[in-house]
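What follows is one structure encoded as structure tokens, with my remarks underneath.
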Amino acid sequence: MLGVKHETLQSVGAVSEETVKQMAKGAIEKLDVDYALATSGIMGPDGGTDEKPVGTVWIAVGTKNKTEAKQFNFRFDRIRNINMTAYTALNMLRKFILSEL
Numbered sequence: 001m002l003g004v005k006h007e008t009l010q011s012v013g014a015v016s017e018e019t020v021k022q023m024a025k026g027a028i029e030k031l032d033v034d035y036a037l038a039t040s041g042i043m044g045p046d047g048g049t050d051e052k053p054v055g056t057v058w059i060a061v062g063t064k065n066k067t068e069a070k071q072f073n074f075r076f077d078r079i080r081n082i083n084m085t086a087y088t089a090l091n092m093l094r095k096f097i098l099s100e101l
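FYI, in our numbering the residues of the sequence shown are 1 to 101.
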């Protein structure tokens, strides 16, 4: 739905910088909005790997012209990982919008 390329998912996976950037760009295009954010992560309690342990999260924010992404490692339980992801994503979006003013 958001236009993430199959090749991206195959090569770097769903929890990656490339994926969240494509998700944010896809949301902007599909929803015709000025700003978008996207998150992807391994919330737990299972699903982590040595390369991407539980708590690994990528968050992207952007506009039609600029997209930024950052990785986080929360390492809490599932509910707290979800909450931290939401708070962090909204704060990133707030800071991004302020930087555009």
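Backbone N, C-alpha and C define an ideal beta-carbon position, used for all residues, glycine too. These numbers come from a predicted model, not from an experiment.
- In this structure, DSSP gives alanine 36 an extended state, which the three-state scheme calls strand.
- Its Cα nearest to that of alanine 24, the residue Trp58 stands out among Phe76, Asn91, Ser99, Trp58.
- In the DSSP assignment, the residues bridged to lysine 70 are Ile59.
- In the DSSP assignment, methionine 43 falls outside any alpha helix (DSSP H) and carries neither an H nor an E.
- A direct Cα-Cα distance of roughly 18 Å separates glutamate 17 from tyrosine 35.
- As the crow flies, the alpha-carbon of alanine 38 is around 13 Å from that of tyrosine 87.
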